[in-house]
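Colleague: Sequential numbering of the sequence shown, starting at 1, is according to UniProt numbering.
Just passing along the structure, written as structure tokens.
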Amino acid sequence: NTMEMQLSDLCKPPCTPPLRPFVSDEAAGSSEEELSGGEVEVPESHSKDEERDLKEKLLRKYSGYLSSLKKEFSKKKKKGKLPREARQVLLDWWTAHYKWPYPTEADKISLAETTGLDQKQI
1 NTMEMQLSDL
11 CKPPCTPPLR
21 PFVSDEAAGS
31 SEEELSGGEV
41 EVPESHSKDE
51 ERDLKEKLLR
61 KYSGYLSSLK
71 KEFSKKKKKG
81 KLPREARQVL
91 LDWWTAHYKW
101 PYPTEADKIS
111 LAETTGLDQK
121 QI
């Protein structure tokens with residue numbers, strides 16, 4: 001299967017040899033960087049600054065999109081319980097029509113007026 005082959009290729013270690021740390025001609029003796037294998041500890045404040053900068057850039061770039069999404073979500077009505085009176089009216093209608101519990105358009109209009117709900121909610 002080609003998907004399995006692609007996945008296994010992604011999981012394999014890279015074929016290229018690892019990069020060696022740069023050591024200048026001026027370096028004499030061994031420094032901490034050479035002993036640590038070229039790894040340099042980044043101060044925590046530096047990484048936090050980079051993280052904050054990245055967050056600010058992303059917010060600037062996508063703020064319009066985010067605000068339009070926020071508006072769109074706020075427009076949608078939250079699902080919740082129906083008012084007690086509306087539930088009672090619907091339950092009464094249901095018990096009267098339990099053999100065929102599908103309201104006609106006229107029934108929907110009447111129920112919507114009585115309950116204060118939209119026809120889509122009926």
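From the three backbone atoms N, C-alpha and C, an ideal C-beta is built for every residue, glycine too.
Answer with buried or exposed for Thr115, where buried requires no fewer than 16 other C-beta atoms within 10 angstroms of its C-beta.
Modeller: Label assigned to Thr115: buried.
Colleague: If distances are taken between C-alpha atoms only, which option among Lys81, Pro83, Gly80 and Lys108 comes closest to Trp93?
Modeller: Checked all of Lys81, Pro83, Gly80 and Lys108; the closest Cα to Trp93 is Lys108.
Colleague: Please name the residue, chosen from Ser63, Ala112, Tyr98 and Pro101, that lies closest to Glu85 on a Cα-to-Cα basis.
Modeller: Here the closest residue by C-alpha is Ala112.
Colleague: Residue range of the alpha helix (DSSP H) that Trp94 falls in?
Modeller: Per DSSP, Trp94 belongs to the alpha helix (DSSP H) from Arg84 to Ala96.
Colleague: Could you pull the start and end residues of the alpha helix (DSSP H) that Leu111 belongs to?
Modeller: Taken as a continuous stretch (DSSP letters only), the alpha helix (DSSP H) holding Leu111 covers Glu105 to Thr115.
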